[in-house]
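Engineer:
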Amino acid sequence: MAFNVTSNFAGTAAGMYISAALKEAKSLDFITQMTNVRYKSNVQSVAGATLLRDATCDFTDHGTLTMTEKVLEVKPLQINIDLCKQNLVSSWESLQMRGPEAMPPASFEDYVISYMGSTIAEGVENSIWNGVTATNGEFTGFLGAAVGYLLPGVDATVIQSSASGAYTAANIIANLQTLTSDMAANVPAILGKEDLYIYMNNKTYAFYISAVSTLGYVNAYNMNGDYEPVFEGYKIAVCPSLPDNQMVAAQKSNLYFGTDLVSDFGVTGTGPRIALMDMSGLDGSDNIRVVCRFSGGVQTGVGADIVRQS
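Numbering-wise, the sequence shown is residues -13 to 296 according to the working numbering.
1. Figure out for me which residue from 65, 290 and 121 has the closest Cα to the Cα of residue 237.
2. For residue 45, which of helix, strand or coil comes out of DSSP?
3. Between which two residues does the beta strand (DSSP E) holding residue 235 run?
4. Using 8 angstroms as the threshold, is the region 129 to 141 in touch with the region 277 to 295, meaning 3 or more CB pairs across them?
5. Answer yes or no: do residue 117 and residue 108 have a C-beta to C-beta separation smaller than 8 angstroms?
6. For residue 99, which of helix, strand or coil comes out of DSSP?
7. Determine the contact status of residue 263 and residue 185, defining contact as a CB-CB distance below 8 angstroms.
8. Among 167, 60, 111 and 163, which residue has its Cα nearest to the Cα of residue 119?
9. What does a CB cutoff of less than 6 angstroms around residue 115 pick up in its chain, not counting 5 residues either side in sequence?
10. With contact counted as at least three CB pairs below 8 angstroms, one residue from each stretch, are the region 269 to 288 and the region 216 to 226 in contact?
11. Please list the terminal residues of the continuous alpha helix (DSSP H) segment that includes residue 267.
12. What are the residues that DSSP puts in a beta bridge with residue 67?
13. List in chain order: all unbroken beta strand (DSSP E) runs of 3+ residues lying wholly within the region 145 to 198.
14. What are the boundary residues of the beta strand (DSSP E) that residue 125 is part of?
15. What does the alpha-carbon distance come out to for the pair residue 145 and residue 172?
16. Would you call the region 173 to 183 in contact with the region 155 to 165, where contact means no fewer than 3 C-beta pairs closer than 8 angstroms?
17. Just verifying my parser: in three-state terms, what is the DSSP assignment at residue 14?
18. Please report how far the alpha carbon of residue 27 lies from the alpha carbon of residue 287, in whole angstroms.
19. I believe residue 58 touches residue 273 by the beta-carbon criterion, under 8 angstroms. Please report the beta-carbon distance rounded to the nearest angstrom.
20. Please work out which residues of its chain come closer than 7 angstroms, Cβ to Cβ, to residue 218, disregarding the five sequence neighbours upstream and downstream, and give them in chain order.
21. On the DSSP bridge assignment, give the partners of residue 294 in chain order.
22. Comparing alpha-carbon positions, which option in 151, 43 and 221 lies nearest residue 179?
23. Express the C-alpha separation of residue 99 and residue 245 in angstroms, rounding to a whole number.
24. Between which two residues does the beta strand (DSSP E) holding residue 135 run?
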């Protein structure tokens, strides 16, 4: 795969390399991360029943503990690309480096690593909710078409809530109230949990802000400072890749993302492993080879504690 440059170079420094802004993997802020998952890992849930009873002097076994397991399987992914150094060095970089007073140019290597990291973040964000394992470069997401964990028929225990129609600023409050009513009716045990979120995408959240602004609460939803999005006391998690006209209510501790190494996806701040190899000393070419390998996958814990609206 070649690195193609569309240049506007006209004899003066073109400035820093600029790439289109990419979505960050925002959803990872609201999902429990499991690390060192090489291939598969079990997500275990324990439920107790009739454990408490009146005290006596004797030991009498009473009640049950039931443990269920789901498998979180990560999918290996990679980036491999050859970049020709001449495409850049012969134009922007060479001119910027002329003369003892010239400012040092932005490092191409740093740019490539940053850009690839952003590309990975965008791909992971998209896969978390919409990914389909059969699609090249994706892992199965929570809402991936036909195979997602929250869709009817995949995990039948997930509570399904019906929206009144496509979300708009005029109906988003009513749809949120339907969602919270279904939460109260079907999963009251999770209400009030510190890590409970209503997951929605940016478009849906924009409808919500417009709705509360129309109602005269614009000052209460100021985007400045440390504002935390909420609806009637329930925290909102804004996840860019969640599909339009869908929302999910769940605990962060009930949604899992797995990856192979501790360093992947910024768990320790280093991100996935991205390597640049100068091929000039190996094959005489003027290419830089970019290699990155990582893995990802998602899984739910207790489906019956999750409400999905569509």
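Don't be surprised by glycine CBs; every beta carbon is placed ideally from N, CA and C.
Structural biologist: Quick answer:
1. 290
2. coil
3. 233 to 237
4. yes
5. no
6. helix
7. no
8. 60
9. 127, 128, 129, 227 and 228
10. no
11. 266 to 269
12. 276
13. 145 to 147 and 182 to 186
14. Here residue 125 belongs to no beta strand (DSSP E), and DSSP marks it neither H nor E.
15. 7 angstroms
16. no
17. helix
18. 12 angstroms
19. The pair is not a contact, with the Cβ atoms about 37 angstroms apart (cut-off 8 angstroms).
20. 166
21. 146 and 234
22. 221
23. 20 angstroms
24. First-last for residue 135: undefined, no H or E at that position.
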